[in-house]
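Below is one structure, written out as structure tokens; the observations come after it.
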Amino acid sequence: MSSTTASTTGALSPDEMAAIVARDIPAGSYVNLGIGRPTKVADHLPADSGIVLHTENGMLNMGPAATGEQIDPDLTNAGKVPVTELPGASYFHHADSFAMMRGGHLDVCVLGAFQVSATGDLANWHTGAPDAIPAVGGAMDLAIGAKQVFVMMTLFDKQGRSKLVPECTYPLTGVGCVSRVYTDVAVIDVGPDGAAVRETFGITLDELRDRLPVPLKEVSRPGS
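Counting from 1 along the sequence shown, just add 8 to a position and that's the residue number in this note's numbering.
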């Protein structure tokens, strides 16, 4: 039996991707969610998980996105999206927030990416194009400071090119920092030993191998 869990329901939506990421974050973790798709993870964390969300603009124990009368324009995440606060939430200076990031106090961060290499290099702040607007934010601090870096992205760009590559061609955010990539068609571990597929969605492992420019292994599971 294959060690890869396959789904026949097709590629995942951003919310479905976020639910898969939320499922894999260990209970009790301190977690930072990057701007964009990763912020959706907050909406899928179980209430009893004990996971504490950190924002680089200075908040601990952030809750899900705010809607309707919950919206407070002074209460936002780093992407300026209105959020809620959970009991015990605290607020602090931006510098203290970055000290938490750089000091190794975060268990997991979830970031977007333009490219990830099979060995875990991350490129997510600039495409290198002359007219592109660089947006590094706190990504470099998170990439080197968090104990685990998860990336959440579509596996292919608008031109159909793989974002999982043998070597990043865009300016790097961090070297060898990513441990797992969550995409709309597969969950893939990356690192010194290369890329290994954990799950696929609406595509087979052989189809992935035909489309990706990197060798793909399967994750070995006990009893598989």
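Built from N, CA and C at the ideal position, the CB exists for glycine as well.
Just so you know, these numbers come straight off a predicted model, no measurement behind them.
If you measure between the beta carbons of phenylalanine 158 and valine 116, is that distance less than 8 Å? yes
C-beta contact flag for leucine 171 and alanine 203 at 8 Å: Here residue 171 is lysine; the residue named in the question, leucine, does not match the sequence. With contacts defined by Cβ atoms closer than 8 Å, lysine 171 and alanine 203 do not form a contacting pair.
Three or more beta-carbon pairs under 8 Å between the segment 32–41 and the segment 58–73, yes or no? yes
In chain order, what residues of the same chain have a beta carbon less than 6 Å from the beta carbon of methionine 148, not counting five sequence neighbours either side? Thr181, listed in sequence order.
Give me the residue from Ala19, Val144 and Glu64 with the minimum Cα distance to phenylalanine 122. Val144
Would you give the residue range spanned by the beta strand (DSSP E) that arginine 5 belongs to? What is shown of the chain runs 9 to 232, which leaves residue 5 out entirely.
Beta-carbon proximity check, glycine 18 vs phenylalanine 209, cutoff 8 Å: With respect to the 8 Å criterion, glycine 18 and phenylalanine 209 are classified as neighbours on the basis of their beta carbons.
Quick one: is proline 138 buried, meaning 16 or more other Cβ sit within 10 Å of its Cβ, or exposed? exposed
Evaluate contact between the segment 89–101 and the segment 119–133, counting only Cβ atoms and requiring at least three cross-stretch pairs below 8 Å. no
Is the separation between the beta-carbon of arginine 188 and that of valine 173 shorter than 8 Å? no
Kindly list the residues whose CB is nearer than 7 Å to the CB of threonine 191, restricted to its own chain and excluding five residues on each side of it in sequence; keep chain order. Met161, Thr162 and Leu163
Looking only at its own chain, which residues have a Cβ that is under 8 Å from the Cβ of aspartate 80, when we skip the five neighbours before and after it? Non-local beta-carbon contacts of aspartate 80 in its own chain, meaning distances under 8 Å to residues more than five positions away in sequence, involve Ala74 and Pro90 in chain order.
Would you mind stating whether alanine 151 and leucine 114 have Cβ atoms separated by less than 8 Å? For alanine 151 and leucine 114, no; Cβs fall outside 8 Å.
Here's the rule: buried if 16 or more other CB atoms are within 10 angstroms of the residue's CB, otherwise exposed. What is glycine 111? exposed
So, at 7 Å on beta carbons, what are the nonlocal neighbours of cysteine 185 in its own chain, with the 5 sequence-adjacent residues on each side left out? Gly128, Leu130, Ala151, Ile152 and Val157
Looking at the secondary structure, which residues open and close the alpha helix (DSSP H) in which glutamate 175 lies? Per DSSP, glutamate 175 belongs to no alpha helix (DSSP H) and is neither H nor E.
Starting from the N-terminal side, write out each stretch of the beta strand (DSSP E) that is 3 residues or longer and does not extend beyond the segment 15–85. 38–41, 60–63 and 67–73
Helix, strand or coil: how does DSSP classify methionine 161 here? coil
Of the residues Glu64, Pro142, Gly120 and Pro200, which one's Cα is nearest the Cα of aspartate 165? When only C-alpha atoms are compared, the closest one is Gly120.
Integer Cβ distance of alanine 126 from valine 195, believed to fall under 8 Å: Not confirmed; about 14 Å, so no contact.
How big is the Cα-Cα spacing for threonine 1 and valine 193? In the structure displayed, the chain extends from 9 to 232; residue 1 sits before or after that span and is not available.
Kindly indicate the opening and closing residues of the alpha helix (DSSP H) around glycine 153. Taken as a continuous stretch (DSSP letters only), the alpha helix (DSSP H) holding glycine 153 covers 147–153.
Starting from lysine 225, follow its DSSP beta bridges and name the residues at the other end. DSSP lists Ala204 as partners of lysine 225.
Spatial neighbours of proline 22 in its chain, beta-carbon cut-off 7 Å, leaving aside the 5 residues before and after: Arg45 and Lys48
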